[in-house]
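To start, the structure under review is shown below, and the notes come after it.
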Amino acid sequence: MNNLKTTSQLSGMTRRRLLATSAAALTMTGIVGLPGRALAAEPLKVAGIYTVPVEQQWVSRIHKAAETAQGRGDIEYTYSENVSNTDYTRVMREYAEQGYQLIIGEVFGVEQEAREVAADYPNIAFLMGSSFKQDDALANFSVFDNYIQDASYLSGIIAGSLTKAGNIGMVGGFPIPEVNRLMHAFMAGAREINPDITFQVSFIGSWFDPPKAKETAFAMIEQGADVLYAERFGVSDAAQERGVLAIGNVIDTQSDYPDTVAASALWHFEPTLDKAIAEVQAGSFTAADYGVYSFMSEGGSSLAPLGTFEGKVPEDALALVAEREAAIKDGSFSVEINDEEPRSS
1 MNNLKTTSQL
11 SGMTRRRLLA
21 TSAAALTMTG
31 IVGLPGRALA
41 AEPLKVAGIY
51 TVPVEQQWVS
61 RIHKAAETAQ
71 GRGDIEYTYS
81 ENVSNTDYTR
91 VMREYAEQGY
101 QLIIGEVFGV
111 EQEAREVAAD
121 YPNIAFLMGS
131 SFKQDDALAN
141 FSVFDNYIQD
151 ASYLSGIIAG
161 SLTKAGNIGM
171 VGGFPIPEVN
181 RLMHAFMAGA
191 REINPDITFQ
201 VSFIGSWFDP
211 PKAKETAFAM
221 IEQGADVLYA
231 ERFGVSDAAQ
241 ERGVLAIGNV
251 IDTQSDYPDT
261 VAASALWHFE
271 PTLDKAIAEV
281 QAGSFTAADY
291 GVYSFMSEGG
301 SSLAPLGTFE
311 GKVPEDALAL
321 VAEREAAIKD
331 GSFSVEINDE
341 EPRSS
């Protein structure tokens, strides 16, 4: 998850359709001006624009995928980090003017402005994290998000099997779709093991405030939680200090908390980026929702290895995880995508 969204943009942002007045001149087909990429030997020029350091959990997955593609020789990759929302579109234009063929990043805080920039460069592909859907009138602008509800559901099964108190605390940044769907999936997984589990749900109103997340987690522990869902940094620190368990999100932090983090839902951006690279190389990139490539069936998410918790998770829970994972991958079981704000229950 990223820290581009601001509080003022949370209300009503879920699936609004932006007016495409600035994009009316674009074609409805793929990007023009990229002919022959499939035949070209040189790597694709790709630029990443991030408002946080590339070490931040959400952005780190995008950065890692780009570095992997560069290591294969598919792309030439550069990036800018810690770009403020006020500077974001300026940096977009600078990379566009420098001839970069694919620009990736997250525009949650500058949705309209970013699309206006893309409309000015119809021959350049833009793949951006967004709470909105694609606009077919803006053919060179595609969207993505981390739809890792499949892995979150599986991590919930493990959490449900490990709580002795039947009380799980959940600390999130903001109650937006990208967070809500993961929390709901996690809760559904936990209830597969124990329908009577209670959840304490709280949002700290920030994308990066470990001290606040830690204090919120402490309060939940005081109220009886013995497992914590660590959507934000700081929660696992609280769990470690108080001797309770934590479940990670997006990245695997078990090496930092070997006795605390029992499971993590991982996001793999490689399928998303690789699809976009292939489309640009073929000259067929067009407006699309790349969110599907975060699904487990596409290789976009997974449950982290148990690692230090091998042998500590009940066998019935592991059997259910294996059964559900196989069903998710073959399409016979679907994890519900619920973007509504979760509540304590």
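If you read the sequence shown in UniProt numbering, its first letter stands for residue 1, the second for the next number, and so on.
Built from N, CA and C at the ideal position, the CB exists for glycine as well.
- Using a Cβ-Cβ distance cut-off of 8 angstroms, the region 116–124 and the region 262–278 are not in contact, since fewer than three pairs of beta carbons, one from each stretch, lie closer than that value.
- Between T51 and D87, the alpha-carbon positions lie close to 9 angstroms from each other.
- In the structure shown, the three-state DSSP call for A139 is coil.
- The Cβ atoms of A287 and S142 lie closer than 7 angstroms to each other.
- Within the region 260–290, the complete alpha helix (DSSP H) segments of 4 residues or longer fall at 270–282, listed in chain order.
- For K45, the uninterrupted beta strand (DSSP E) segment begins and ends at 44–49.
- DSSP places L306 in the coil class of the three-state scheme, outside both helix and strand.
- As computed with DSSP, Q200 is found in a beta bridge with G169.
- The three-state secondary structure of S60, taken from DSSP, is helix.
- In this chain, S155 is not harboured by any beta strand (DSSP E); it is covered by the alpha helix (DSSP H) spanning 149–162.
- Cβ neighbours of E231 within its own chain (closer than 8 angstroms, five residues either side excluded): M1, M170, V171, G172, G173, V179, L182, M183, N249.
- Every alpha helix (DSSP H) of 4 residues or more that sits fully in the region 76–100 is shown, in chain order, as 85–97.
- At the C-beta level, P175 and F203 come within 7 angstroms of one another.
- Within the model, the alpha-carbon separation for A327 versus S297 is close to 10 angstroms.
- Only residues of its own chain outside the window of five on either side were considered, and among them W267, S294 have a CB closer than 6 angstroms to the CB of N146, listed in chain order.
- With a cutoff of 7 angstroms on beta-carbon distance, T308 and P271 are scored as not near each other.
- In the DSSP assignment, G129 falls within the unbroken beta strand (DSSP E) covering 125–129.
- Under the three-state reduction of DSSP, A225 is assigned to coil, being neither helix nor strand.
- Two segments are said to touch when three or more pairs of C-beta atoms, one from each, lie closer than 8 angstroms; by this definition the region 231–242 touches the region 207–214.
- Between A263 and S155, the C-beta gap is smaller than 7 angstroms, which places the two residues in contact.
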